[in-house]
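Just below is one structure, and these are the notes that go with it.
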Amino acid sequence: MRAFVALVIREIDERKALLAAAAVASLLPVLAPLLPSTGPNPAADIREAVLWFVVLTLVPLFALLLGATFVGRDLSEARLGFYFSQPLSGLTIWFGKLAAMMFLIWATELIIMLPTMVMAPDPFRFLAPDDPLGPYDPLWYAWLPLWLGPLVVLLLSHAVGVAWRARSAWVVVDFIAFLAVCGGAWIGLGSFLFFFTPGVVKIGFFWLVGWLFVGLLAGGAAQIASGRVDVRRGHRAMSLTVWSILLVAVLCIWSWTWWIRAAAPIDLDEARQVALGSAEWIGVRGPSTGRADFQPRFVMNTADGRWFRAHSSDLWDMQDLVFSRDGSRVVWLAPANFGSSTLMVADLDTENPEGRDSGLVFETYARDLTLSTDGERLAVIQGSTVMVFDIEPVTQLAAAQIDGDFSPQFVAFEDDDRVRIESIDTSNKHSAENLFQTRFLDVEEKRLSDGDEPRIHFRRMSVSHEGGSSLISTYDLSKDEQRLILVDEDTGEQVAELGKMTSWSNIRVIGNRLLVFRQNDSGGHVEIFDGAGVLIHRVDFGDVGAIFDGGEITEDRIVVGLWSWGSDERPSPSLESVIINVADGVSESTLDGYAPMMGLWATGTSAGAWDTGALASRILKGEDHTLHLWDPATGVLKQIIPVVQ
Amino acid sequence: MLGLLDIDPSAAAPIWRQIEDGMRRLVASGALPVGTVVPSVRELARELRINPATVSKAYQRLVTDGALEVRRGEGTFVAERPAGALADERERLLADGASSFVEAARSMGVTEGDAIAAISTAWREINDAADGGKQ
Amino acid sequence: MSTNADPLVVDHLSVRYGKVTAVDDVSFAVPRGEVYALLGRNGAGKSSTISCLVGQRRAGAGCCRLLGLDSWKKRRRIMEKVGLVPETPDIPPGASAVELGRFLGRIRPVWNADEYAARLERVRVPCRLPAGRLSKGQRRQLALAAVLAAEPEVLVLDDPTLGLDAVVRRTLLEELVGELADRGTTVLVTTHDLMGIEGIADRVGIMQQGRLVYDETMDGLKARFRRLRCVRGDATAEADVEAALAPMEPAAVRLVGAGVDAILGRPNDAAITEFTTLIDARELELEPLSLEEIFVALCGNEEEGV
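Heads up: the protein sequence lines correspond to chains A, B and C, in order. Position 122 of the first sequence, counted from 1, bears residue number 125 in the working numbering, the numbering being contiguous throughout. Position 94 of the second sequence, counted from 1, bears residue number 101 in the working numbering, the numbering being contiguous throughout. Position 250 of the third sequence, counted from 1, bears residue number 1061 in the working numbering, the numbering being contiguous throughout.
Put into structure tokens, the structure is as follows:
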């Protein structure tokens, strides 16, 4: 220990001049405000700006120089022998020199900062400056690059310097290994960029940087201990050490990323998104401990527990699982690259369904995927083009470009040969929000019909459970008026009109009841209609800023979200959640602090809503909003996943 | 004193021999009277830039022979010799010198008469030079 | 050959730099208290041998042992008792003699600060000047002083007098001799100053192109080499002379006119007589040789190595 300290002091002593240079540099920020060219800015700001400039240029430069010379120059000038002819171990020599360099770098940084710090009102701020990316992102503290960055520069400069001085063939090995490590890191982590989970990439990156640091430390030690005065041998020892450590680190990343993707439903902490398919299949997605921001997704059979993976990306609403109406097939998009995606298909009728690559690749953003009732055909929108495909085998059947002001938003299969396209007005020529136009694409004849009268439409078209009627809202351009009507599916005849609306509303179908959430000058209320379009209940909520659908809890209960602007009594805006009983039309209770946003929703874009009531009740039991999964053979409760809204 | 010791590392005789002979010669000639302190092994080795072991060997032989004596704590001195030992020494040295001369002369094919004549001439010349120096 | 007790052992050492063999199966040992002079022309492999001996370079084959321990594996322990003065002074240029003494005092188990100061004064090396500002000779003296103050059991000197003037050379050798007298250190020295080492070395090793071609005592070497000069008989041809010389291991032969000037490795009386008769020699003289003359005769023909 005494020898180690003596060596450190000796090495620092040898380079005292650096501290003197730092002292001179420390005066630059102090003198800067005296220069006439700095203008009217306050002196403190000028000092700080000049200080950071000086620190960020000089300190890395010192680190670079020190790194290249503290061992390298001694090697070149045959001075390392001085230490080797003393009773000092190789590790003492390496870590002693390194400790001395670290001290010098930190000392020069502090010395440069000192006069400015002393003159500033809050001196300690300089030691840990504000993080420009926000203080809550724990991996980006600005002090890290400020104090540890120069060490990494030092070590890298040393490694490169050794390779340079050695002039041996091992540089080729270095180069190849470098490519292998980078390539390996990309293979392990790259796809997570497409999955838009930067958290995983960040962790992987810092893991590698950390091991690079360790590798360089160990490599330097190996170089001194094994190479001694022989530069070539030292380079070889260093290369072997650094690259084997990094390759192992890359293998660890591979293991971790493989494990991330190999998640099973049991690994979910909670279910953030639950998608209801038809019959027994549901999609579940949520965070999992140890998997950073990657949320695995599974398609699960709630009756017998079969499941398979259907991982997706958060980007561009790729998250949707699209079930066919007859429950035989589910498709989703998997990211293939930046921007492009492939269609994954799973046949739910088989014994052990698995997701498989259909081979269909979308080069650009593809949205609003829709399956025909039997799942054999797929309709999708790309840009302003609607395309229809056969899935097995993959063939394009028809494509139609929708030009003009209206750009396609939603597609649905009226039947296997007819696709309804709802286009939205992007020109903002009309005063109505969300003006839609309907057109039909004939798949067989590949013909696009003309557009009909534009109308206001809601996000999902819904069909009532009994009676086979379609709910459509129309918009009368001449009267600038919106109406809600019920139309018989078979005859197309208007069955009932549910009233005029002048403002944005929301509708939901539960069982065989239709709920309309309305808001106008008189306040917010919910109207409950039966399958024939007759109003049976109305629940008033008084003056609210907005009213919206908060999701179903059971067959008869839904949550209504009420948003209020601030008032004199309660200045800040608030969100209230009220549970109403649909059968009675009674408002039952208020959920405190419950923020209904998405709730459970029926996915699928065929022209219908499913009977989610029975399925939802099987899944949701009790007031705690959890996903229960039973072992079908024994009836034993296997897993409870909290459903978080 | 040490300048009187003429050591030639490249001579045929080993160095220890040269030291030994040199010392004997100095003692025999009276340049080092009895009781004179001689340089220690260390001092002589340093002066001559010669391995102390070599000096030590010469000194050992001289001590064994009785030419030098070691007094603990005081150093090494020229020893008192029994009477006649000095004369014997001189005679031996003279004989050694004569043998070398004769061998050299014979190898050149010189006759005994010429050899003796050469000695006489040299004796005369060196004596004259020495006398001249005294005056 | 070497015994386990020998403090310095080189055992079938080979060192290769790529395709070049710098040291080729060299073996020798230095018994306790002896001085071994390792000689050879530039590039003969002396420095590489020393590098391996002090554990700074890994041997390609064979091993070196100091004080019974493997040089490469036990370098740290060995250096507690071994002193090395390299060919190029490697003292940190910013360190003064005083600072160097302070540093070494902290890292070496034995440090005789008084002897260090006394020696520096004796050889007149300024104590407070940084080593970079000292003359070459002063730096060498400083290096030697630093090494000796640690009271090593084995001393390795790589060309300690290279580039120094005659005065400094003498002083340095005096210090070395003084050390030998005081502590009986075992010494390995390589040098080009053959005159200076002649009186000091007990044993001589001569390296030629990586191989150790001579390994004898100094006395033995000097005892057997002789320079023979004579005039050959009128009837004798040059080829006859060379043939007649052959059994006496001639190292160098010059025939100028009728004159013969040969350096012989093993001239004994019988052989001389035979030779004289064979070539009808006249005016035959046999002289001893200095180490330098022997060395030049042995190594004068080879190419200077890199």
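We put the CB at the ideal spot given by N, CA and C, even for glycine.
Fill in: Contact the stretch 93 to 101 of chain A vs the stretch 218 to 225 of chain A: 3+ CB pairs below 8 Å
As far as the Cβ criterion goes, the stretch 93 to 101 of chain A touches the stretch 218 to 225 of chain A, which means the pair count is three or higher.
Practice prompt. Return helix, strand or coil for C/LEU909, following the three-state DSSP convention.
Written response: Checking the sequence shown, residue 909 of chain C turns out to be Val, not Leu. DSSP places C/VAL909 in helix when its eight states are reduced to three.
Discussion item. Determine, for C/MET812, whether the minimum Cβ-Cβ distance to residues of chain A falls below 7 Å.
Written reply: Residue confidence is low: C/MET812 scores 48 on pLDDT, short of 50, so the model does not pin down where it sits. Its coordinate-derived value is still stated next. By this cut-off, C/MET812 is not an interface position.
Worksheet item: Using a Cβ-Cβ distance under 7 Å, would C/ILE861 count as near chain A?
Response: Not one chain A Cβ lies under 7 Å of C/ILE861.
Practice prompt. Compare the C-beta of A/GLY222 with all C-beta atoms of chain C and state if any pair is closer than 7 Å.
Written response: Among the CB atoms of chain C, none fall inside 7 Å of the CB of A/GLY222.
Worksheet item: Could one say the Cβ of C/GLU898 lies closer than 7 Å to chain B's Cβ atoms, at least one of them?
Response: No, because no Cβ of chain B sits closer than 7 Å to the Cβ of C/GLU898.
Worksheet entry | Terminal residues of the beta strand (DSSP E) in which B/ARG53 lies | No beta strand (DSSP E) holds B/ARG53; the alpha helix (DSSP H) holding it covers 48 to 55.
Practice prompt. Determine the direct distance from the alpha carbon of B/LEU101 to that of B/LEU39, and round the result to whole angstroms.
Written response: For B/LEU39 and B/LEU101, the gap between their C-alpha atoms comes out near 18 Å.
Practice prompt. Could you give the DSSP three-state label for C/ILE1074: helix, strand or coil?
Written response: Looking at C/ILE1074 - three-state DSSP - the assignment turns out to be strand.
Fill in: Rounded C-alpha distance that separates B/VAL77 from B/THR83
If I take the Cα positions, the gap works out to 4 Å.
Item to complete: Compute the Euclidean distance between the alpha carbons of A/LEU64 and A/LEU157, then round it to the nearest angstrom.
Response: Distance between the alpha carbons of A/LEU64 and A/LEU157 is about 9 Å.
Worksheet item: Could one say the Cβ of A/TYR139 lies closer than 7 Å to chain C's Cβ atoms, at least one of them?
Response: Any reading at A/TYR139 is ruled out, since the residue's pLDDT is 46, under 50, leaving its predicted position unreliable.
Practice prompt. Between the Cα of C/GLU1027 and those of C/ASP970, C/ILE1105 and C/VAL934, spot the shortest distance and give me the residue it belongs to.
Written response: Closest by C-alpha distance to C/GLU1027, out of C/ASP970, C/ILE1105 and C/VAL934, is C/ILE1105.
Fill in: Cβ-Cβ distance between A/ASP296 and A/GLY202 below 7 Å
In contact: A/ASP296 and A/GLY202 (Cβ atoms closer than 7 Å).
Worksheet entry | Cross-strand partners of A/HIS540 (DSSP beta bridge) | Assignment of beta-bridge partners to A/HIS540 by DSSP yields A/ILE531.
Item to complete: Select from C/LEU1023, C/GLY1021, C/ALA1063 and C/GLN1020 the residue whose C-alpha is nearest the C-alpha of C/PHE1036.
Response: That would be C/ALA1063, whose Cα lies nearest to the Cα of C/PHE1036.
Worksheet item: When the Cα atoms are used, what is the spatial distance from A/MET464 to A/LEU565?
Response: For A/MET464, the pLDDT reaches just 38, beneath the cut-off of 50, and the residue's location in the model is therefore unreliable, although a value from the coordinates is still provided. Rounded to whole angstroms, the separation of the alpha carbons of A/LEU565 and A/MET464 is 24 Å.
Worksheet item: Does any C-beta atom of chain D lie closer than 7 Å to the C-beta of C/GLU891?
Response: The question asks about chain D, but that chain is absent: this structure's protein chains are A, B and C.
Practice prompt. Please list, in chain order, all residues of the same chain as C/MET1006 whose beta carbon is under 8 Å from its beta carbon, the five residues on each side excluded.
Written response: Excluding positions up to five away in sequence, the list reads SER1101, LEU1102 and GLU1103.
Item to complete: Work out the CA separation of A/ARG264 and C/LEU877 for me, nearest whole Å.
Response: Roughly 59 Å between the two C-alpha positions.
Practice prompt. Name, please, each residue of chain C whose Cβ falls closer than 8 Å to the Cβ of B/ALA122.
Written response: What B/ALA122 touches in chain C: nothing, since even the nearest Cβ is about 16 Å away.
Item to complete: Could you tell me whether the Cβ of C/ASP901 comes closer than 7 Å to any Cβ of chain B?
Response: No, C/ASP901 lies away from the interface with chain B (no Cβ there is under 7 Å from its Cβ).
Item to complete: Give the DSSP-derived three-state secondary structure of A/GLN89 in the structure shown.
Response: In the three-state scheme derived from DSSP, where H, G and I count as helix and E and B as strand, A/GLN89 is classed as coil.
Fill in: Candidates A/PHE365, A/VAL325 and A/VAL537: closest to A/ASP350 by CA position
Ranked by Cα distance from A/ASP350, the options A/PHE365, A/VAL325 and A/VAL537 are led by A/VAL325.
Fill in: Runs of beta strand (DSSP E) lying entirely within the stretch 338 to 425 of chain A, each at least 3 residues, in chain order
The stretch 338 to 425 of chain A contains these whole beta strand (DSSP E) runs: 344 to 350, 359 to 365, 369 to 374, 380 to 385, 388 to 393, 398 to 404 and 409 to 418.
Discussion item. Can you find the residues in the same chain that come closer than 8 Å, C-beta to C-beta, to B/ASP13, ignoring five residues on each side of it along the sequence?
Written reply: Within the same chain, Cβ atoms closer than 8 Å to the Cβ of B/ASP13 are found at GLN25 and GLY29, the five residues on either side in sequence being excluded.
Practice prompt. Go through its chain and collect everything with a Cβ distance to A/ARG235's Cβ below 6 Å, but skip five positions before and after it.
Written response: Non-local C-beta neighbours of A/ARG235 in its own chain, meaning closer than 6 Å and more than five positions away in sequence, comprise ALA169 and SER171, ordered along the chain.
Item to complete: For the beta strand (DSSP E) containing A/TRP284, list its first residue and its last residue.
Response: 284 to 288 is the extent of the beta strand (DSSP E) around A/TRP284.
Fill in: Assigned exposure category for A/PRO43 - 16 Cβ within 10 Å defines buried
By the 10 Å Cβ count, A/PRO43 comes out exposed.
Worksheet item: Among C/LEU850, C/VAL1067, C/PRO1058 and C/GLU1060, which has the Cα closest to the Cα of C/GLY1016?
Response: It is C/LEU850.
Worksheet item: Taking the alpha-carbon positions, what's the C/ASP976 to A/TRP55 distance?
Response: Roughly 54 Å between the two C-alpha positions.
Worksheet item: Between which two residues does the beta strand (DSSP E) containing C/SER825 stretch?
Response: It spans 819 to 828 - the beta strand (DSSP E) in which C/SER825 sits, taken as one unbroken run.
Practice prompt. Measure from the alpha carbon of A/ILE384 to the alpha carbon of each residue in A/LYS19, A/LEU78 and A/ALA402, then state which is nearest.
Written response: When each option's Cα is compared against that of A/ILE384, the closest is A/ALA402.
Item to complete: In the DSSP assignment, find the unbroken alpha helix (DSSP H) run with C/TRP883 in it and report its ends.
Response: C/TRP883 -> no alpha helix (DSSP H), and no H or E assigned at all.
Worksheet entry | Residues bridged to C/CYS875 [DSSP beta-bridge criterion] | Partner residues in the beta bridge of C/CYS875, as assigned by DSSP, are C/VAL821.
Discussion item. Counting only Cβ pairs nearer than 7 Å, list the residues of chain A close to C/GLY905.
Written reply: In chain order: ASP16 and GLU17.
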